[in-house]
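Q:
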Amino acid sequence: MSVAQCDKMRFRLLRRNLIAFLLVSLVVLILIYTKLAIVSEKPPETPPQDPNTQATVISKFQYGSVMDMRTSVYDSNFKQVIQNDDKFPGDPEVVIVVQVHNRPAYLKMLIQSLGNAADIHKFLIIFSHDYFSQEMADIVQGITFCKVLQIYFPYSRQLYPNEFPGQDPKDCPRDIAKAEAIKSGCLNAEHPDSYGHYREASITQTKHHWWWKLHFVWERVHALQGFSGFTIFIEEDNYILPDFYQFFKGMLEHKKSDCPDCDILALGNHDGLGRFQELSGKLETASWLSTKHNIGMGISREVYYKMMGCNTEYCTYDDYNWDWTLQNLSGTCISKPLKVLLARGSRVLHTGDCGMHKKEACRPEQAQVKVQESLQLAKSALFPQTLAVTDHGSAQHQPHMKNGGWGDIRDHALCKNYAKRL
């Protein structure tokens, strides 16, 4: 091959390589341009937010109308935002459930007492509301010392002001005779209570709320799934003592050793603190009684299941009081009467001087003074080093005359439905 031919061939190879290089470069440039274009079209990344804060904003309760409140109740019960969850990680050691209506001054006293309780950071407090207002919400949202969950009774009278389970204008008047009621065609004419009276929504709500709350706490609260301890039930007009947690732990130990068949722990009683110095470290066992052991009740999941086995009996028993109804179940539907281990020196006080049974003006400022005076007298007897069971009473059925107010079959049906529809 001549030199001219070699040069010609070399030129062709160089030209081919140059063309290949240019093609590859063009492809690379196109890819780079495309990638840059895609990146430039992306929206700017949102900085990460605190999940607790974000959820709280989304779940803000709306009070504008009945429909707004119904929607907020459903939304809040579904999302179950735990207030202060990031501040107090881990599972709670104590769970307190507070049934709340609309007595803000008493609720403030309760929260004050919780804030003064030893080891309060180990608590989860669940507030179960049947009245919805910004004032009540602000009081609870001001808690910073432990985990808090708010749940909302979805069949409140406030949400159904002119229809069942509120008071329907077409409902029968309370004291009308049945014959006249049937003649008038009022809605519930066929169903007066045992004493011939027709339902009053104002007195049926508490029993409904108590039973719904029991279902919801044990079956629907995510934070309690797998929880095997006792849940303590109190109300907004209660006040707990500073050694509540230590005393509760002591009661649990004595339940194991002295009363393994006790169903309920009663951390409170209605005797006040008059003999607290003498009774501070004393426990006793007894039959569960509505008038004595309905304050500061500790209930386990096992006992909850016992109660739920009597869902129909609870929901159809003609007494508008949840506690008298429970006493009737104890020893009838619940074959073995409920047995209670109780604190003789109460760790839960009752501050309320008005409510469903007493309509006169509330005097929370007097209740506050009385509590503070009692606490000052009891102070030296708090945190006893040991507890002792001083009386071993047996559990027996304690019958009573039902109070009525719960004869309407609509109440029966709604109540029984809580186990299915929460």
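Heads up, the final residue of the sequence shown is numbered 421 in numbering that gives the first Met the number 0, and it's a clean run with no missing numbers. A virtual CB, placed ideally from N, CA and C, is assigned to each residue, including glycine.
1. Starting from the C-beta of Thr311, find all residues in its chain whose C-beta is less than 7 Å away, skip the five residues before and the five after it, and write them out in chain order.
2. Might you give, ordered along the chain, the residues of its own chain that have their beta carbon closer than 8 Å to the beta carbon of Trp323, omitting 5 neighbours on each side?
3. Cα-Cα, which of Gln367, Leu278 and Ser329 is closest to Phe382?
4. Quick one, are the C-beta atoms of Ser155 and Asp129 less than 8 Å apart?
5. Between which two residues does the beta strand (DSSP E) harbouring Thr389 extend?
6. Jot down the residue ranges of each uninterrupted beta strand (DSSP E) in the stretch 276 to 346, minimum 3 residues, whole runs only, in chain order.
7. Once DSSP output is grouped into helix, strand and coil, what is the label at Ala54?
8. Can the beta-carbon of Phe126 be found less than 8 Å from the beta-carbon of Gln149?
9. On a CA-only basis, which of Leu264, His100, Tyr303 and Ala387 is nearest Ala285? Give me that one, please.
10. Within 10 angstroms of the Cβ of Gly392, are there 16 or more other Cβ atoms? Answer buried if so, exposed if not.
11. Any idea what DSSP makes of Phe382, helix, strand or coil?
12. Here's the rule I'm using: 16 or more other beta-carbon atoms within 10 Å means buried, otherwise exposed. How should Arg362 be labelled?
13. Would you grab the beta carbon distance between Val97 and Leu223 for me? Rounded to a whole angstrom, and I think it's under 8 Å.
14. Take Leu113 and list the residues in its own chain whose beta-carbon comes closer than 7 Å to its own, dropping the five residues that flank it on each side.
15. Distance, Cα to Cα, Leu35 vs Asp85?
16. Measuring CB to CB, does Leu328 end up less than 8 Å from Cys258?
17. Would you kindly work out how many angstroms separate the C-alpha atoms of Lys281 and Glu179, rounded to a whole number?
18. So, using beta-carbon positions, are Val347 and Gly267 closer together than 8 Å?
19. Tell me the residue span of the beta strand (DSSP E) that contains Ser127.
20. Looking only at C-alpha atoms, which of Pro160, Gln245, Val65 and Lys212 sits nearest to Phe122?
21. Based on the DSSP output, what are the partners of Lys146 in its beta bridges?
22. Quick check: the Cα distance between Pro91 and Asn293, rounded to an integer number of angstroms?
23. Return yes when the Cβ of Tyr151 is within less than 8 Å of the Cβ of Val72, no when it is not.
24. The beta strand (DSSP E) spanning Tyr105 covers which residue range?
25. Ignore the nearest five residues each way along the sequence and tell me which others in Ile260's own chain have a CB closer than 7 Å to its CB.
26. If I'm right that Trp287 touches Lys206 with Cβ under 8 Å, what's the distance once you round it to whole angstroms?
27. Give the single residue among Lys255, Gly184 and Asn237 whose Cα lies nearest to the Cα of Cys388.
A: Once the coordinates are examined:
1. The sequence position of residue 311 within the sequence shown is 312, counting from 1. Excluding residues within five positions, the ones whose Cβ falls inside 7 Å are Lys415.
2. Indexing the sequence shown from 1 puts residue 323 at position 324. So the list reads Ser289, His399, Lys401 and Asn402, once near-sequence residues are dropped.
3. The sequence position of residue 382 within the sequence shown is 383, counting from 1. Phe382 has its Cα closest to that of Leu278, out of Gln367, Leu278 and Ser329.
4. Start at 1 with the first residue of the sequence shown, and residue 155 comes out as number 156. Start at 1 with the first residue of the sequence shown, and residue 129 comes out as number 130. Closer than 8 Å, so yes.
5. For the purposes of this step, residue 389 is identified with residue 390 of the sequence shown, where counting begins at 1. First-last of the beta strand (DSSP E) with Thr389: Ala387 to His391.
6. 281 to 286, 296 to 298 and 338 to 342
7. Residue 54 sits at position 55 when you count from the first residue of the sequence shown. Its pLDDT being 41, under 50, Ala54 is placed unreliably by the model, and the measurement read from it follows with that caveat. Note: Ala54 maps to helix in three-state DSSP.
8. Translated into positions along the sequence shown, residue 126 becomes position 127. Translated into positions along the sequence shown, residue 149 becomes position 150. Yes, the Cβ-Cβ distance between Phe126 and Gln149 is below 8 Å.
9. Here residue 285 refers to the residue found at position 286 of the sequence shown. Comparing Cα-Cα distances from Ala285 to each of Leu264, His100, Tyr303 and Ala387, the minimum goes to Leu264.
10. For the purposes of this step, residue 392 is taken as the residue at position 393 of the sequence shown. Exposed.
11. The residue you call residue 382 lines up with position 383 of the sequence shown. Note: Phe382 maps to coil in three-state DSSP.
12. Stepping through the sequence shown from its first residue, residue 362 is reached at position 363. When all chains shown are included, Arg362 counts as exposed.
13. Against the sequence shown, residue 97 aligns to sequence position 98. Against the sequence shown, residue 223 aligns to sequence position 224. Actually they are not in contact, since the Cβ atoms of Val97 and Leu223 sit about 15 Å apart, beyond 8 Å.
14. Residue mapping note: residue 113 aligns to position 114 of the sequence shown, counting from 1. Ile119, Ile124 and Ile239.
15. Here residue 35 refers to the residue found at position 36 when the sequence shown is read from its first residue. Here residue 85 refers to the residue found at position 86 when the sequence shown is read from its first residue. Confidence at Leu35 is low in this model, with a pLDDT of 43, below 50, so its placement is unreliable and the value that follows should be read with caution. When rounded, the distance between both Cα atoms is 39 Å.
16. Within the sequence shown, the letter at position 329 stands for residue 328. Within the sequence shown, the letter at position 259 stands for residue 258. Contact flag unset, no.
17. Residue 281 sits at position 282 when you count from the first residue of the sequence shown. Residue 179 sits at position 180 when you count from the first residue of the sequence shown. Cα to Cα, the separation comes out at about 56 Å.
18. Locating residue 347 in the sequence shown gives position 348, where the first residue counts as 1. Locating residue 267 in the sequence shown gives position 268, where the first residue counts as 1. Yes, they are a contact pair.
19. Here residue 127 corresponds to residue number 128 of the sequence shown, with the count starting at 1. Start and end: Phe122 to His128.
20. Counting from one through the sequence shown, the residue named residue 122 turns up at place 123. The shortest C-alpha separation from Phe122 is found at Gln245.
21. What you label residue 146 is simply residue 147 of the sequence shown in a count that begins at 1. Beta-bridge pairing links Lys146 to Leu123.
22. What you label residue 91 is simply residue 92 of the sequence shown in a count that begins at 1. What you label residue 293 is simply residue 294 of the sequence shown in a count that begins at 1. Using only the alpha carbons, I get a separation of about 24 Å.
23. Position 73 of the sequence shown, counted from the first residue, corresponds to residue 72. Position 152 of the sequence shown, counted from the first residue, corresponds to residue 151. Contact: yes.
24. For the purposes of this step, residue 105 is taken as the residue at position 106 of the sequence shown. No beta strand (DSSP E) contains Tyr105, which is instead part of the alpha helix (DSSP H) from Pro103 to Gly114.
25. Numbered from its first residue, the sequence shown carries residue 260 at position 261. Note that residue 260 is Asp in the sequence shown here, rather than Ile. Closer than 7 Å at Cβ, skipping near neighbours: Lys338.
26. Position 288 of the sequence shown, counted from the start, is the residue given in the question as residue 287. Position 207 of the sequence shown, counted from the start, is the residue given in the question as residue 206. Contact flag wrong, Cβ pair sits at about 17 Å.
27. In the sequence shown, counting from the first residue as 1, residue 388 sits at position 389. The residue asked about is misnamed: residue 388 is Val in this sequence, not Cys. The shortest C-alpha separation from Val388 is found at Lys255.
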